[in-house]
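Undergrad: First the structure, which I've put down as structure tokens, then a few questions once you've had a look.
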Amino acid sequence: MKKRIVVLMLCMVMLLTVACSKPPGPSPTQQVGEPSSTPEETAGSSDEPIVINLFGVPTTIPETDPVIPELEARLGIDLNIESTGGDESLLVSRLAGGDIPDVFRVTTISNLSAYYKDSVLLNLKDYMDEMPNVRDMFTEQQWARVEFDGGIYGIPRRPEENYNCWYIRKDWLDALNKEDPATFDELLDIAIAMNEADLDGNGKNDTYAISGTYGPAVSTFGRGAFEGFWTAYGVTNPETIMIKDNEAVLSVTLPEFRYATEEIRRFVEAGVVDPEIIANNLDSLHEKMATGKTGICYGAWSTYSKIDQIKTLTSVFPDAEWLPMRKQIKTDYGVSGATQSRSGNDAVYAINADLVDQPKKLDAVINMFNYMATEECDLLLSFGIEGEHYEIDSNGTVTKLDKMDELTYGWGIQFLGRPDMLYCMTKFDNCADIIEYCANEVKVYYHYGQLVEQPEGINISDIESYILEQVSQFIYGTRGMDEWDSFIDSLYSAYSIQTYVDAANETLKELGYIN
Amino acid sequence: MHMPIRKIPEKSLRIQWYRLKPQGAFMLMMLPGLVFYFIYLYLPIGAALLVSIKDYGVKSGIFNSPIASPWYKHFKFFVQSPYFWPLLRNTMLISMAKMLLGIPLAVALAILLNECRVNKLKRAVQTLTYMPHFLSWVVIYGMCFVLFSETNGLINDWLRSLTGSTVPFLTNPSVFRNLIIGSDLWKSTGWSAIIYLAAISGIDPQLYEAAYIDGASRAKTIWHITLPSITNVIVLTLILRCGTILNAGFDQVYVMYNEGVYSTVDIIDTWVFRTGFENFNLSLSSAVGLFKSVISFIMIVTVNQLSRHWGESLW
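Chain order of the listed sequences is A and B.
Residue numbering for the first sequence follows this note's numbering, starting at 1 and increasing by one per position.
Residue numbering for the second sequence follows this note's numbering, starting at 1001 and increasing by one per position.
Next comes the structure, spelled out in structure tokens:
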């Protein structure tokens, strides 16, 4: 009996040893992006392409993608890309475990500054001469955003043009015999008419003329339902820092913001605003837009006017026409437009400080970024492979080929951004006039909060979520407007927003946005 | 009635190694399990303790990171946050409601299933009720949206045609909290009933026969036989649930909440995720984790002491 148990134990120990030991060579099931290389491996023979781990790409790259292999071939590198869908917490957990990728995407400047303080980031100042294309691509202010204590710790991204404006069901507007509104009174008239006319013809009183989404500026990218109201009063999203009379202020504390909120209240009380804008996401909004539950939605052409989206929006009512309002709504305080982060809405790429010990790999990384800042690479990352996805003539005019539409994940691999107008007008030629309209005729109101580091002792994410929550309660009447002042007071007393605003003033002065 | 107190011989307090010797092989088999618990559950306590009193840096690691000044900095930051009391209240309320409604519902379902004499129906109901356990919260949120949406949800469509008004299930803070609790009950009741069903099936059938001969009705047998026989299991699950009182269901709330309902459903874990994890403040996350563990420990000890009054306890 005893012997049997001992034999059994031995078997188990052997099994465990086999199970736990590393298999020779990479396992066949290994996913792209698993950290598989050690410094010794990559620094080995010179014939092998250098492996670069690139973490945090915001889109999933399909296996059939031809663009990244082409980039690898041109540079003689092996890119090990891991997608995170833009979820910064995945990077945080990766860093917390001490497993720092070679190159990674950081979504906020606050986090970039935290990683810098933790000595995770490589100071790029000394390498600027080795990547002149990158150096020349960005303005001084753009570089200033990634500068801490005189060093440079990230590679910015070219900002995009404005994509946002008011959208309206043009066929409904025609049916009501009305024109694009120029004032909020006219907008309210149209909205009430849309509510009452039962234009979707289902015999039920279930239309809320105005809908959209709600959320922090960083996640709605200026596409929130109420941004058309706020901008018309000259203010940006409630939780953002804006510049007013040469001074940084928190938008929600301005009297104009209160007026804008009172304006929205007027619409809510008239029953024309979707009561669950705060619970909407893009899919549920598309569904409401397609099923005739709503007729006016503030938003971006890139969410309403691409070919697939038009297909969705006309799936129930084939005659539905979702088009931008071509007039701007004016008030005494401003004209309705769009909000945008001054830092550009997207993240920056940073490089692991430890690469100093692996000069070959570091060279490859620097070389890669320098190449990404060339026109040649712009064409590849924006449009795909010449002859397959696009054609270019001797004047440099790009013509789209059918296969370009397959590169729907393109924006995620445009590491340094793109020549935005050329890109959008070529790739989304079906709505070129709307793209031009949004970029050239809609006024942009900038906000600056993403440039500001979090001061010691306060919690910006608490402040932001508190403001967003409270503003939504005022909009929907859970709190009465008579309590507005006490709400603003509580921001100063309980949330110490003055510290945040002071820090913003200091930073924006340094960056030259205020004198 | 007093039980005679048996004097414990002093010798038995010490481990009697000679008794363990014949079981050596089994002890050895237990070793991997113990090592597992040590590495994955006990070591992290120490690590969390260290990280929570330090300004943890990725480069310096757990041991070389500087001690925070003062060492309770991160605890202070959490407790002084204007969100602290609302967070604690929301977490406690949601968690207590899930526990105090969840256990009786599961027990009731188990008893009903046990009393059901049509075997096919019993099996069908049991399968249907524990199925939701396997759905992810993302799917359940999608279902909630389809059912409860104010503009195009099924329930509100009915309400609109019946009464002319609608209920803001997804955006009104107090209604939404009930939705969180309700959807959790829907998801978990069938699954939790399994343990009570198992306990019920362990009851000696002779007890029921005797009661039947004495003329007890169904209701009486449930009250006097079934319930008392599974009290120990109920108390056990209650104590275990109290240990996780500050876990109000991160994955559920994170998927389902929106800016409009923070005031009632923002819980400690979602706050930690936003503040600690998305904003790279790992020491704060550790400090809050530790805070939760201490509260859980106190809860478990207190409830265990209390439950001794009913003659049931974990230890």
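Even glycine gets a Cβ: it sits at the ideal position worked out from N, Cα and C.
If we count the other Cβ atoms within 10 Å of its Cβ and call it buried at 16 or more, is ALA1287/B buried or exposed?
TA: ALA1287/B comes out buried.
Undergrad: Any idea which residues DSSP pairs THR339/A with across the strands?
TA: DSSP lists TYR445/A as partners of THR339/A.
Undergrad: When the cut-off is 8 Å and only beta carbons count, does PRO1082/B lie next to chain A?
TA: Closer than 8 Å: yes.
Undergrad: Using 8 Å as the threshold, is the C-beta distance between LEU1159/B and ALA279/A below it?
TA: Going by C-beta atoms, LEU1159/B is not nearer than 8 Å to ALA279/A.
Undergrad: What are the start and end residues of the alpha helix (DSSP H) that includes ASP136/A?
TA: Segment 132 to 137, the alpha helix (DSSP H) holding ASP136/A.
Undergrad: List the endpoints of the continuous beta strand (DSSP E) containing LEU242/A.
TA: A small correction: the amino acid at residue 242/A is Met; Leu does not occupy that position in the sequence shown. Its beta strand (DSSP E) spans residues 241 to 244.
Undergrad: In three-state terms, what does DSSP make of SER394/A?
TA: SER394/A: coil per DSSP, three-state reduction.
Undergrad: Mind pulling the alpha helix (DSSP H) runs of 4 or more residues that sit fully within the segment 422 to 466 of chain A?
TA: Complete alpha helix (DSSP H) runs here, min 4: 432 to 441.
Undergrad: With 16 as the cutoff for other CB atoms within 10 Å, does PHE1036/B come out buried or exposed?
TA: By the 10 Å Cβ count, PHE1036/B comes out exposed.
Undergrad: When you compare the CB of THR339/A with every CB in chain B, is at least one pair closer than 8 Å?
TA: No, no contact with chain B.
Undergrad: Distance check for ALA1248/B and PRO1132/B, CA to CA, integer angstroms please.
TA: Cα-Cα distance, rounded: 18 Å.
Undergrad: Does the segment 269 to 285 of chain A come close enough to the segment 173 to 183 of chain A to have 3 or more Cβ pairs within less than 8 Å?
TA: No, the segment 269 to 285 of chain A is not in contact with the segment 173 to 183 of chain A.
Undergrad: I'd like the list of long-range same chain contacts for SER1095/B, defined as Cβ closer than 6 Å, with 5 residues on each side in sequence excluded.
TA: Once the five neighbours on either side are set aside, the close Cβ partners of SER1095/B are ILE1245, ALA1248.
Undergrad: Answer with yes or no whether the minimum CB distance from PRO23/A to chain B is below 8 Å.
TA: Because PRO23/A carries a pLDDT of 43, less than 50, the predicted location of this residue cannot be relied on, and the following value inherits that uncertainty. No, PRO23/A lies away from the interface with chain B (no Cβ there is under 8 Å from its Cβ).
Undergrad: In chain order, what residues of the same chain have a beta carbon less than 7 Å from the beta carbon of ALA353/A, not counting five sequence neighbours either side?
TA: Excluding residues within five positions, the ones whose Cβ falls inside 7 Å are SER119, VAL120, LEU121, LEU122.
Undergrad: Using a Cβ-Cβ cut-off of 8 Å, state whether PRO35/A counts as contacting chain B.
TA: Low confidence applies to PRO35/A: its pLDDT is 43, below 50, so where it sits in the model is not reliable enough to give any reading.
Undergrad: Compare the C-alpha of LYS1054/B against each of LEU1105/B, LEU1282/B, GLY1289/B and name the closest.
TA: It is LEU1282/B.
Undergrad: What does LYS1059/B reach in chain A if we use C-beta pairs closer than 7 Å?
TA: Within 7 Å Cβ-Cβ: ASP118, SER119, VAL120.
Undergrad: Whose CA, out of ARG258/A, GLY151/A, CYS297/A, lies closest to the CA of GLU483/A?
TA: Considering only alpha carbons, the answer is ARG258/A.
Undergrad: Might you give, ordered along the chain, the residues of its own chain that have their beta carbon closer than 6 Å to the beta carbon of ASN1178/B, omitting 5 neighbours on each side?
TA: Cβ neighbours of ASN1178/B beyond the five flanking positions: none.
Undergrad: Nearest to ALA1106/B by alpha carbon, out of GLY1164/B, ASP1184/B, ALA1047/B, LEU1284/B?
TA: Considering only alpha carbons, the answer is ASP1184/B.
Undergrad: Can you grab the Cα-Cα spacing for the pair HIS1224/B / GLY1215/B, in whole Å?
TA: Rounded to the nearest angstrom, the two C-alpha atoms are 13 Å apart.
Undergrad: Would GLY299/A pass as an interface residue toward chain B - the criterion being a Cβ-Cβ separation below 8 Å?
TA: Cβ-Cβ to chain B under 8 Å: no for GLY299/A.
Undergrad: Show which residues of chain B have a CB atom less than 7 Å away from the CB atom of ASP459/A.
TA: A quick correction: the sequence has Asn, not Asp, at residue 459/A. Residues of chain B passing the Cβ test: SER1081, THR1275.
Undergrad: Against chain B, which members of the segment 162 to 189 of chain A pass a CB distance test of less than 9 Å?
TA: Residues: none.
Undergrad: Just how far apart, CA to CA, sit VAL1167/B and ILE1155/B?
TA: If I take the Cα positions, the gap works out to 9 Å.
Undergrad: What does PRO1044/B touch in chain A if you count any residue whose Cβ is under 8 Å from its own?
TA: Going along chain A, no residue has its Cβ under 8 Å from PRO1044/B, so there is no contact; the nearest lies around 13 Å.
Undergrad: Can you tell which of LEU187/A, LEU95/A, ILE463/A has its C-alpha closest to the C-alpha of VAL103/A?
TA: Comparing Cα positions, the closest option is LEU95/A.
Undergrad: Using the rule of at least 16 other Cβ atoms within 10 Å of the residue's Cβ for burial, across every protein chain shown, is GLU1259/B buried or exposed?
TA: So GLU1259/B ends up on the buried side.
Undergrad: Sorry if obvious, but does the Cβ on LEU1227/B come closer than 7 Å to a heavy atom of the ligand SAM?
TA: As far as ligands go, the structure on display features none, and thus does not contain the ligand SAM.
Undergrad: Since I believe ILE467/A is in contact with VAL252/A (beta carbons under 8 Å), could you give me their beta-carbon distance rounded to a whole number of angstroms?
TA: Between ILE467/A and VAL252/A the Cβ distance is about 5 Å, and since that is below 8 Å, they are a contact.
Undergrad: Thinking just about the alpha-carbon of each residue, which of ASN195/A, GLU263/A, THR291/A is nearest to the one in VAL272/A?
TA: The residue with the shortest Cα to Cα distance from VAL272/A is ASN195/A.
Undergrad: Taking 7 Å as the limit between beta carbons, can you name the residues of its chain near GLY334/A, skipping five residues before and five after?
TA: Counting only Cβ-Cβ distances below 7 Å, and skipping sequence neighbours, we find THR231, ALA232, TYR233, GLY234.
Undergrad: Alpha carbon to alpha carbon, how far is GLU376/A from ILE385/A?
TA: The alpha-carbon atoms of GLU376/A and ILE385/A are separated by roughly 11 Å.
Undergrad: Are LEU1236/B and LEU1314/B closer than 8 Å when you measure CB to CB?
TA: It is a contact, given that the beta carbons lie within the stated cut-off.
Undergrad: Quick one: using the 10 Å Cβ neighbour count with 16 as the cut-off for buried, is GLN450/A buried or exposed?
TA: When all chains shown are included, GLN450/A counts as buried.
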